[in-house]
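A short worksheet on the structure shown next.
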Amino acid sequence: MDQALIALGSQLTRQNSTAKEWICLLGCISSLAVSFFYRQYNDIAVSLTFGIIVLVAVLDWKQRTVWPLLLIIGAAKLLAIPVELILTQLSGEVVYGPLMFYLSSALIDVAMLLCITAYHKDSTVLGWFKIDNPKPFPQTQLMSAVLMTSAFYAFAQATEWLVYFLDMANGGKLPFLFGMKLPLFYAFQNEVKLALKLAFDLLLWSLLLDADRWSVLRRLQRRA
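Using the numbering used here, read the sequence shown as starting at 988 and increasing by one per residue.
Structure follows, in structure tokens:
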């Protein structure tokens, strides 16, 4: 009898994991489609990320193991919205506005990275959701890599903009770098930001996956 119950529980767990994998796949496809077709609309891109957070939280309603991580990501992104709006407005009104915007973007990414790595397993945060046995999420390592790449790119943009601004103020004497054209990192910023955002959104969907069923996640989990 006990073995039958254990077998039934294992079967239900596998079915639940399979269902979440299909939802993850459909969610990833939908995110890719929306991001490419509406890549010019920043408000839709932001809404998509928050929509993913809400859907993943709803699908993890019973266990709530992913809620602390989603809370940290959602709170960080909410706090970043007014900062980005103010800096976007300043970038068009103040000469050094773009420099402030790029540096602030880098700092926001680094702050989110530190919050994810430091607090998603914090006992206080876990206690809010009454989680006794926290589940490891190796996806946080990939999220940290995406955020670090985004921060590095924003810092490179800030450095490039400063050099470009000083060069233009002196009559453009660095043609081997810019040649009076748009800076390199600035010219490709839309493509890079879209790729990084897509990567982060797909990693949010991947929180539905069972790490034990995926070799990549198992390797990351062993290295953690």
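We treat Cβ as the ideally placed atom computed from N, Cα and C, and that holds for glycine. Remember, predicted model here, so these are calculated numbers, not experimental data.
Could you give the first and the last residue of the continuous alpha helix (DSSP H) run that contains residue i?
{"i": "residue 1174", "result": "1171-1174"}
{"i": "residue 1088", "result": "1084-1106"}
{"i": "residue 1118", "result": "Here residue 1118 belongs to no alpha helix (DSSP H), and DSSP marks it neither H nor E."}
{"i": "residue 1044", "result": "1029-1046"}
{"i": "residue 1206", "result": "1202-1210"}
Please state if the CB of residue j and the CB of residue i are separated by a distance shorter than 8 Å.
{"i": "residue 1192", "j": "residue 1018", "result": "yes"}
{"i": "residue 1128", "j": "residue 1207", "result": "yes"}
{"i": "residue 1011", "j": "residue 1195", "result": "yes"}
{"i": "residue 1107", "j": "residue 1153", "result": "no"}
{"i": "residue 1147", "j": "residue 1181", "result": "no"}
{"i": "residue 948", "j": "residue 1112", "result": "For residue 948 there is no data in the structure shown, the boundaries of the chain being 988 and 1211."}
{"i": "residue 1051", "j": "residue 1118", "result": "yes"}
{"i": "residue 1138", "j": "residue 1097", "result": "yes"}
{"i": "residue 1185", "j": "residue 1126", "result": "no"}
{"i": "residue 1035", "j": "residue 1197", "result": "no"}
{"i": "residue 1014", "j": "residue 1039", "result": "yes"}
{"i": "residue 1149", "j": "residue 1086", "result": "yes"}
Once the 5 residues before and after residue i are set aside, which same chain residues still bring their CB inside 8 Å of it?
{"i": "residue 999", "result": "Low local confidence applies: a pLDDT of 44 at residue 999 is under 50, so the model's placement there is unreliable, and no value is given."}
{"i": "residue 1067", "result": "1095 and 1099"}
Can you list, in chain order, the residues of its chain with a C-beta nearer than 7 Å to that of residue i? Leave out the 5 residues immediately preceding and following it.
{"i": "residue 1135", "result": "1100"}
{"i": "residue 1046", "result": "1007, 1010 and 1195"}
{"i": "residue 1029", "result": "none"}
At a Cβ threshold of 8 Å, is residue i touching chain D?
{"i": "residue 1074", "result": "Chain labels in this structure do not include chain D; a single protein chain is all it has."}
Write down the C-beta distance between residue i and residue j rounded to the nearest angstrom, noting that I regard them as a contact closer than 8 Å.
{"i": "residue 1053", "j": "residue 1043", "result": "6 Å"}
{"i": "residue 1209", "j": "residue 1004", "result": "With 8 Å as the limit, residue 1209 and residue 1004 do not qualify as a contact, their Cβ atoms being about 20 Å apart."}
Within a Cβ cutoff of 6 Å, which residues of the same chain sit near residue i, ignoring the five residues on either side of it in sequence?
{"i": "residue 1123", "result": "1208"}
{"i": "residue 1176", "result": "none"}
{"i": "residue 1025", "result": "1031"}
_With three or more C-beta pairs closer than 8 Å as the rule, is the region 1133-1142 touching the region 1088-1095?_
With a cut-off of 8 Å, the region 1133-1142 and the region 1088-1095 count as touching, because enough Cβ pairs lie within range.
*Report yes or no: do three or more beta-carbon pairs, one from the region 1052-1066 and one from the region 1116-1132, lie closer than 8 Å?*
yes
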